[in-house]
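The next block holds one structure in the form of structure tokens; read it before the comments.
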Ligand SMILES: [Zn+2]
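Numbering (the UniProt record's numbering), first residue to last: 1 to 337.
See below:
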């Protein structure tokens, strides 16, 4: 099969479109003919080696949709030809965390990699039937961003009437957070570096849009928009550049969700900022396996809308990464094998 393989970590040049070994489904696994793969920021970190190096060629990509093409021994629930979406959280399936439905607490919890390919093999528990009425590209843009956002909004106990400051609002995770937060009745203050994308954010029902140069401090604007109180929740995927502003912009007793560090992961602050103001810092990393099956029907009904920025043929994965890293997006980038 054709796939994007990486032989060592590095820049976009390590994403090589080449012949790869056809994966065979083992016991309890299914093979999927991938029709669309969603690009996540995680794929860039994976490519750069931030999760450690590797000794064999690796295929990136956690989100994907397609049809079941082959079935391993012991799989009875699925048949060849069924359209499915990959549920990208992998766990052991038999520890206390897994048995109690809290897969992200499993010691073996990790996110699947391998959808930048014509075929991918996953455990049969990690596929969900694709609802009718959505395309493969839309189905491939849901997994990581929506599962992550729904999980942290739930854990932060986001309630109607609360306010949420959203960094990086135009990315896949940003727009997923915006839609799910609006569905929960929150007021969303969306932050973007692009004046051109500010109007589009309003079309997606952002209540307030803050345009930043990246170098300025937006704390005063947030306080001004919230009568000096600050927001109940901050969702910060940028890290080093923004985290101190996140701490300054959150109200007493509020929650700062850290869900990535695209600008770097080192932050220095005085702990009193947390305990004196009774703040919660909540780390977010995907979510439970129940979230995707619960959300998919909302896409079929048009309650949630996957936003797709652009689509590239699989062999141009390097161009897709270049766009995400250097040129910005409004929604998801999709690869079509
Ligand atoms: Zn487990």
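Using N, Cα and C, we set each Cβ at its ideal position, and we do this for glycine too.
Excluding the 5 residues flanking it on each side, residue 134 has same chain C-beta neighbours closer than 7 Å at 299, 300, in chain order. A contact between stretches requires three or more CB pairs, one per stretch, nearer than 8 Å, and the stretch 155-162 fails this requirement with the stretch 25-34. A straight line joining the alpha-carbon of residue 62 with that of residue 112 spans about 5 Å. Annotation note: the stretch 30-110 contains the following uninterrupted beta strand (DSSP E) runs of length 3 or greater, listed N- to C-terminal: 63-71, 83-86. Residue 7 has its CB no nearer than 7 Å to any heavy atom of ligand 1. Scanning 235, 209, 213 for the CA closest to the CA of residue 225 turns up 209. Spanning the alpha carbons of residue 155 and residue 215 requires a straight line of approximately 31 Å. One thing to note: residue 262 has its Cβ within 8 Å of the Cβ of residue 239. For residue 322, the enclosing alpha helix (DSSP H) covers residues 317-326. Going by C-alpha positions, residue 121 is about 46 Å away from residue 222. In the DSSP assignment, residue 164 falls within the beta strand (DSSP E) that extends over 163-166. Put simply, the backbone Cα of residue 109 is about 10 Å away from that of residue 286. With a cut-off of 8 Å on Cβ pairs, the stretch 135-153 is in contact with the stretch 172-180, counting three or more such pairs. Note on geometry: alpha-carbon atoms of residue 79 and residue 89 lie some 22 Å from one another. Contact between residue 47 and residue 60 holds, since their C-beta atoms are separated by about 6 Å, short of 8 Å.
Within the chosen limit of 7 Å, ligand 1 reaches the beta carbon of residue 91 through at least one heavy atom. The continuous beta strand (DSSP E) containing residue 313 extends over residues 308-313. With fewer than 16 neighbouring CB atoms inside 10 Å of its own CB, residue 303 falls in the exposed class. By the criterion of at least three beta-carbon pairs nearer than 8 Å, the stretch 7-20 is in contact with the stretch 313-323.
Under the three-state reduction of DSSP, residue 18 is assigned to strand. Where residue 249 is concerned, the enclosing alpha helix (DSSP H) starts and stops at 243-249. Using a Cβ distance threshold of 8 Å, residue 259 and residue 236 count as a contacting pair. The C-beta distance from residue 281 to residue 274 rounds to 7 Å, short enough to meet the 8 Å contact threshold. Along the stretch 214-302, the beta strand (DSSP E) occurs as fully enclosed runs of 3 or more residues at 231-236, 250-258, 280-283, listed in sequence order. Secondary structure at residue 146: helix, using DSSP grouped into helix, strand and coil. Per DSSP, residue 8 lies in no beta strand (DSSP E) segment and is marked neither H nor E. Each of 269, 116, 256 was checked against the Cα of residue 86, and the nearest Cα belongs to 116.
CA-CA distance, residue 157 to residue 257, rounds to 12 Å. Residue 119 is bridged by DSSP to 33. Shown here for residue 293: same chain residues with a beta carbon closer than 8 Å to its own, the five before and five after excluded, namely 87, 128 in chain order.
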